[in-house]
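For reference, the structure discussed in these notes is given below.
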Amino acid sequence: MVQDKPITKVQELVYEMKVKQVMAENLITVRPETPMSQLREIFRQKRISGMPVVEGDYLVGIVSLEDFIKWLYDREEESLIESKMTRQVECLYDDEPLVHAISKFERTGYGRFTVIDRRSGKLVGVITKGDIIAGLLEKLEIEYHEEEIHRYRASHIFEDIVADRTRLVFEYDVLGQDFEGAGECSSRLKRTLGRLGLDPATVRRVAIASYEAEMNLVVFTKGGRIVARVEPGCITMEVKDSGPGIADVKKALQPGYSTAPQWVRDLGFGAGMGLNNIQKCADEMQITSTLGKGTHLKISILTGDDSGAKGNSRAARSHRSHGQEES
Amino acid sequence: MKLQDIRDILGAEVITGGNLLSREVSMGCGADLMSDVLAYGKSGSVLLTGLTNQQVVRTAEMAEIVAICFVRGKRPDEKTVSMASSQGLPLMGTTLPMFESCGRLYKNGLRGVSEYGE
Chain F
759 MVQDKPITKV QELVYEMKVK QVMAENLITV RPETPMSQLR EIFRQKRISG
809 MPVVEGDYLV GIVSLEDFIK WLYDREEESL IESKMTRQVE CLYDDEPLVH
859 AISKFERTGY GRFTVIDRRS GKLVGVITKG DIIAGLLEKL EIEYHEEEIH
909 RYRASHIFED IVADRTRLVF EYDVLGQDFE GAGECSSRLK RTLGRLGLDP
959 ATVRRVAIAS YEAEMNLVVF TKGGRIVARV EPGCITMEVK DSGPGIADVK
1009 KALQPGYSTA PQWVRDLGFG AGMGLNNIQK CADEMQITST LGKGTHLKIS
1059 ILTGDDSGAK GNSRAARSHR SHGQEES
Chain L
71 MKLQDIRDIL GAEVITGGNL LSREVSMGCG ADLMSDVLAY GKSGSVLLTG
121 LTNQQVVRTA EMAEIVAICF VRGKRPDEKT VSMASSQGLP LMGTTLPMFE
171 SCGRLYKNGL RGVSEYGE
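Same order as they appear, the protein sequences are chains F and L.
Last residue of the first sequence: 1085 in this note's numbering, with the numbers rising by one and none dropped.
Last residue of the second sequence: 188 in this note's numbering, with the numbers rising by one and none dropped.
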């Protein structure tokens, strides 16, 4: 199905957030028997342009600046709010999503709605477009801040931890034959490494290598495990499975050599480039495999200042890579 | 070149990410083999492809592709679209075939990955 409109974070939030999360609860209300003449002071002092009229906890109407001006203009004698207020009040329930409120604002052109508790029918708040905007901004701010904190905490971990050697290990379990979820582990690994504040080019190399390895696990095996070890200067990644194993590792390392079935090729993989891609991303690569037992792939990617391995070390890297056969 | 220019040049329909069309694209990459995208695609590329499954979006994520344009009138399924939209990856679709899509973009000044310095 084709979606015509893009879904933005804000759009997500207007469906997720409820009216009660953004409405103003400190209500300024008047009673029906309040004289109209008193409105002037209230509007002036509170700098508002309308307010609910309540009897006890229940809404009986709404009186606005417009009603007040009309009353002045008509030069009537003192009257009670009761007789000038609008009785047919459009309300929102407090548990409605913001998107309902927004469409109601658009449809009616009103500046505010009173908010009613669905069960008790009591007046609980007032909502304006401004409240919606402020509520959304606050929520975005909070979520942004949370991601920032994740990033900050993670990227300082090496400085904060006091040890002679620090090593972070991330393990991911890959399901075999699960094409739907394929790539999920690499996606999570990539996000994690990004949060650690590692150099983006390095993160990209690890992610690509891990993704190709993950595809191999999904396509050829019943599942396996990706273990990434991050330490200052180096990231190593081990990918292990328990079969079926590669019959001829040397051959498997040749670009274009593939034993993948057609359905894998239809999905854009299986062209015999996976291991080569992994090799290209790695500073070192070792692969051992035993038929019926499984395959063990290990790669290292140098990071930061210790590496000196940006761009021009490709030749050196492939030189260092080698295939080993066990049998 | 911006994504909106690409949309105009290819007469493409935006499937998701319409709010991100001011994003800058530095080069183009056309492939139906995802391993090639992973191997040769560079950060900041737009990917033109005839493949529409979820792995295309995964590949884009890993290779840091900034947008995908499906060629030959192909359209991804809902899951693929929602995966892309949650990653903030714009998707569009053109009815033009691969060769012509690449050709038009190249003619309008979009560079290829081999011409683009690191």
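Think of the CB as a built atom: it goes at the ideal place given N, C-alpha and C, for glycine as much as any other residue.
Query - Chain-order list of residues whose beta-carbon lies under 6 Å from that of HIS1054 (chain F) (same chain, five-residue window excluded) - result: Sequence index remark: in the first sequence, residue 1054 (chain F) carries index 296 (1-based). Correct list, in chain order: LYS998 and THR1046.
Query - Whether MET872 (chain F) touches CYS849 (chain F) by CB criterion (8 Å) - result: Position 114 of the first sequence, counted from the start, is the residue given in the question as residue 872 (chain F). Position 91 of the first sequence, counted from the start, is the residue given in the question as residue 849 (chain F). The sequence given here places Thr at residue 872 (chain F); Met does not occur at that position. Their beta carbons are under 8 Å apart, which means THR872 (chain F) touches CYS849 (chain F) by this criterion.
Requested in this report: Give the interface partners of GLU134 (chain L) over in chain F, defined as CB-CB distance under 7 Å, in chain order.
Outcome: Looking up residue 134 (chain L) in the second sequence gives position 64. The answer, in chain order, is ARG962.
Query raised in the report: For the beta strand (DSSP E) that GLN935 (chain F) lies in, which residues bound it at each end?
Result: Here residue 935 (chain F) corresponds to residue number 177 of the first sequence, with the count starting at 1. First-last for GLN935 (chain F): undefined, no H or E at that position.
Query - ILE76 (chain L) beta carbon less than 8 Å from that of VAL116 (chain L) - result: Numbered from 1 along the second sequence, position 46 holds the residue referred to as residue 116 (chain L). Numbered from 1 along the second sequence, position 6 holds the residue referred to as residue 76 (chain L). Contact: yes.
Query - Closer than 8 Å to chain L by CB, GLU834 (chain F) - result: Here residue 834 (chain F) is taken as the residue at index 76 of the first sequence, counted from 1. False, the Cβ-Cβ gap to chain L never drops below 8 Å.
Requested in this report: Could you work out which residue in F:ARG949, F:ARG925, F:SER944 and F:LEU830 is closest to ARG909 (chain F) when comparing CA atoms only?
Outcome: By one-based count along the first sequence, residue 909 (chain F) stands at place 151. Nearest option by C-alpha distance: F:ARG949.
Query raised in the report: Given TYR773 (chain F), which residues of its chain have a CB within under 8 Å of its CB, disregarding the five upstream and five downstream residues?
Result: The sequence position of residue 773 (chain F) within the first sequence is 15, counting from 1. Here the set comprises PRO855, LEU856 and VAL857.
Query raised in the report: MET168 (chain L) CB to nearest chain F CB: under 8 Å?
Result: Within the second sequence, the letter at position 98 stands for residue 168 (chain L). No, no contact with chain F.
Query raised in the report: Which first and last residues belong to the alpha helix (DSSP H) in which LYS804 (chain F) is found?
Result: Taking the first residue of the first sequence as position 1, residue 804 (chain F) is located at position 46. From DSSP, the alpha helix (DSSP H) with LYS804 (chain F) extends over 797-804.
Query raised in the report: Going along the chain, which residues of its own chain have a beta-carbon closer than 7 Å to the beta-carbon of GLY1003 (chain F), five neighbours each way excluded?
Result: One-based indexing of the first sequence puts residue 1003 (chain F) at position 245. If we look at GLY1003 (chain F) and ignore the five residues flanking it on each side, its Cβ neighbours are SER1047, THR1048, LEU1049, GLY1050, LYS1051, GLY1052 and THR1053.
Query raised in the report: What residue ranges within the stretch 821-903 of chain F form continuous alpha helix (DSSP H) runs of no fewer than 4 residues, ordered along the chain?
Result: 823-831, 839-842 and 856-866
Query - As assigned by DSSP and simplified to three states, the class of TYR186 (chain L) - result: In the second sequence, the residue the question calls residue 186 (chain L) occupies position 116. Three-state result, TYR186 (chain L): coil.
Query raised in the report: Do we get a CB-CB distance below 8 Å when we pair GLU938 (chain F) with the residues of chain L?
Result: Residue mapping note: residue 938 (chain F) aligns to position 180 of the first sequence, counting from 1. Interface residue, yes.
Query raised in the report: Can you find at least 3 beta carbon pairs, one from the stretch 803-820 of chain F and one from the stretch 782-793 of chain F, that sit closer than 8 Å?
Result: yes
Query raised in the report: Under the rule that 16 or more other beta-carbon atoms within 10 Å means buried, what is VAL777 (chain F), buried or exposed?
Result: In the first sequence, counting from the first residue as 1, residue 777 (chain F) sits at position 19. Result: buried.
**Report entry** Simplified DSSP assignment, three categories, for ASP1063 (chain F)
**Finding:** Locating residue 1063 (chain F) in the first sequence gives position 305, where the first residue counts as 1. Residue placement at ASP1063 (chain F) cannot be trusted, given a pLDDT of 48 that sits under 50; what the coordinates show is reported in the next sentence. DSSP places ASP1063 (chain F) in helix when its eight states are reduced to three.
Query raised in the report: Can you give the beta carbon distance from ASN178 (chain L) to ILE79 (chain L), rounded, assuming they're within the 8 Å contact cut?
Result: Residue 178 (chain L) sits at position 108 when you count from the first residue of the second sequence. Residue 79 (chain L) sits at position 9 when you count from the first residue of the second sequence. Their Cβ separation, rounded to whole angstroms, is 5 Å, which keeps ASN178 (chain L) and ILE79 (chain L) in contact under 8 Å.
Query raised in the report: So is ASP957 (chain F) buried or exposed if we call it buried at 16+ other beta carbons inside 10 Å?
Result: To locate residue 957 (chain F), count along the first sequence from 1; it is residue 199. Classification for ASP957 (chain F): exposed.
Query raised in the report: What's the C-alpha gap between ASP1063 (chain F) and GLU864 (chain F)?
Result: As a first step, residue 1063 (chain F) is located in the first sequence; it is residue number 305 there, counting from the start. As a first step, residue 864 (chain F) is located in the first sequence; it is residue number 106 there, counting from the start. Because ASP1063 (chain F) sits at a pLDDT of 48, beneath the cut-off of 50, its placement in the model cannot be relied upon, and the following sentence gives the value as read from the coordinates. Whole-angstrom Cα-Cα distance: 56 Å.
Query raised in the report: Mind checking if GLU774 (chain F) is an interface residue toward chain L, Cβ cutoff 8 Å exclusive?
Result: By 1-based counting over the first sequence, the position of residue 774 (chain F) is 16. It does not: the Cβ of GLU774 (chain F) has no partner Cβ on chain L nearer than 8 Å.
Query raised in the report: What is the residue span of the beta strand (DSSP E) that GLN726 (chain F) lies within?
Result: Lying outside 759 to 1085, the shown extent of chain F, residue 726 (chain F) is not represented and no answer is given.
Query raised in the report: Skipping 5 residues on each side, what residues in its chain have a beta carbon closer than 7 Å to that of GLN125 (chain L)?
Result: What you label residue 125 (chain L) is simply residue 55 of the second sequence in a count that begins at 1. MET104, listed in sequence order.
Query - Sequence ranges, alpha helix (DSSP H) only - wholly within the stretch 991-1058 of chain F, length at least 4 - result: 1007-1011, 1020-1024 and 1032-1039
**Report entry** Extent of the continuous alpha helix (DSSP H) to which ARG962 (chain F) belongs
**Finding:** By 1-based counting over the first sequence, the position of residue 962 (chain F) is 204. Start and end: 958-978.
Query raised in the report: Whose CA, out of F:GLU917, F:VAL977, F:LEU926 and F:GLN796, lies closest to the CA of ARG1023 (chain F)?
Result: If you number the first sequence from 1, residue 1023 (chain F) lands on position 265. Comparing Cα positions, the closest option is F:VAL977.
Query raised in the report: Would you say LEU1025 (chain F) reaches chain L, if we count a Cβ-Cβ gap shorter than 8 Å as a contact?
Result: The sequence position of residue 1025 (chain F) within the first sequence is 267, counting from 1. Judged by the 8 Å Cβ criterion, LEU1025 (chain F) is in contact with chain L.
Query raised in the report: Just to confirm, are ALA986 (chain F) and LEU954 (chain F) a CB contact at a threshold of 8 Å?
Result: Here residue 986 (chain F) refers to the residue found at position 228 of the first sequence. Here residue 954 (chain F) refers to the residue found at position 196 of the first sequence. For ALA986 (chain F) and LEU954 (chain F), no; Cβs fall outside 8 Å.
Query raised in the report: Does DSSP classify LYS144 (chain L) as helix, strand or coil?
Result: For the purposes of this step, residue 144 (chain L) is identified with residue 74 of the second sequence, where counting begins at 1. In this structure, LYS144 (chain L) counts as coil in the three-state DSSP scheme.
Query - Rounded straight-line distance, which links the Cα of ALA782 (chain F) to that of ASN974 (chain F) - result: For the purposes of this step, residue 974 (chain F) is taken as the residue at position 216 of the first sequence. For the purposes of this step, residue 782 (chain F) is taken as the residue at position 24 of the first sequence. Near 55 Å, if we compare the C-alpha coordinates of ALA782 (chain F) and ASN974 (chain F).
Requested in this report: Under 8 Å Cβ to Cβ from LEU895 (chain F), same chain only, skipping five residues before and after it: list those, please.
Outcome: Your numbering for residue 895 (chain F) matches position 137 in the first sequence. Cβ within range, chain order: n/a, list empty.
Requested in this report: With 7 Å as the C-beta to C-beta threshold (strictly closer), list the residues of the stretch 949-978 of chain F near chain L in chain order.
Outcome: ARG962, ALA965, ILE966, TYR969 and GLU970
Query raised in the report: In terms of DSSP beta bridges, what is PHE928 (chain F) paired with?
Result: Taking the first sequence and counting its residues from 1, the one referred to as residue 928 (chain F) is at position 170. F:ALA986.
Report task. Could you spell out the range, first to last residue, of the alpha helix (DSSP H) harbouring VAL780 (chain F)? Result -> As a first step, residue 780 (chain F) is located in the first sequence; it is residue number 22 there, counting from the start. Element bounds for VAL780 (chain F): 777-780.
Query raised in the report: Any Cβ of chain F within less than 8 Å of the Cβ of LEU80 (chain L)?
Result: To locate residue 80 (chain L), count along the second sequence from 1; it is residue 10. So no, LEU80 (chain L) is outside the interface.
Requested in this report: Compute the Euclidean distance between the alpha carbons of ALA133 (chain L) and VAL961 (chain F), then round it to the nearest angstrom.
Outcome: The residue you call residue 133 (chain L) lines up with position 63 of the second sequence. The residue you call residue 961 (chain F) lines up with position 203 of the first sequence. Taking the straight line from one Cα to the other gives about 10 Å.
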